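Numbering (the working numbering), first residue to last: 2 to 197.
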Amino acid sequence: MMIKPQIVPSEECLRCDVCCRFPEENSFLRPYFTEKEIRQALLYGIDPIHFSDQAGCQIAVVPHPAGEGFLCPAFNHETHQCRLYQVRPFDCQLYPFALMWNVERDTVLFAWDPKCPYLLAQSGEDMPPMWLDIDPASLALPASLLEQAHMVELRLESEDTIASLVAHPRLITDFQPDIVILKPLPRLTAALRDPL
């Protein structure tokens, strides 16, 4: 599964200190890798001990060697580069967009994460001392980014992406109240309710 276009310019990603880092070892935000993505990660030198289930799982993170929290083992904290960037998993390609269930777990939502400094800046906000101080409902993306988000949404509702998401439903996270909801995804929701 490939997500096009890349929303955040690569040079912005390389300056960022947000994604690829996790406050706790068992964070539900760790990227999920499908079986194919695990095979690719292994070819790129990621140790198999970081994958508990070769059929698909969230990657096991490692303690940050120079700070607090944990890092994806593919991320180099000194260069801010990902060893898997060219073959990064769908979960990483999708970010700063997200797929999550609503609170009732009966609808899949397409959303964006205001913890991404680039998207937050595009919404006209500065990164506050605590990003939790932002009311997600008050944030809006400019039309150009909403157009790109719509292209991603169309890809998410395509038959091949839906089939992959049905095969790997853990790519869809639980509801996150700090994420800005763009819209529900009815075709994906229906496919997950009644997989073939």
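Beta carbons are placed, not taken as given, at the ideal position from N, Cα and C, and that holds for glycine.
The structure displayed is predicted, hence computed values, not measured ones.
query: Three or more C-beta pairs below 8 Å linking the stretch 103 to 111 and the stretch 75 to 95; result: no
query: Reduced DSSP secondary structure (H/G/I, E/B, other) of V109; result: strand
query: Presumed contact (8 Å Cβ cut-off) between I47 and A112, rounded CB distance; result: Going by Cβ atoms, the distance from I47 to A112 rounds to 28 Å, so no, they are not a contact pair.
query: L166 to D175 span [Cα, whole Å]; result: 15 Å
query: C-beta atoms of R31 and Q59 nearer than 8 Å; result: yes
query: Minimum length 4: unbroken alpha helix (DSSP H) runs contained in the stretch 136 to 197; result: 144 to 157, 160 to 168 and 187 to 194
query: Per DSSP, cross-strand counterpart(s) of A1; result: Examination of residue 1 is not possible in this model, given that the chain is present from 2 through 197 alone.
query: Closest by C-alpha distance to P74, when choosing among V88, G57, A56 and I50; result: I50
query: 8 Å Cβ cutoff met for F52 and V63; result: no
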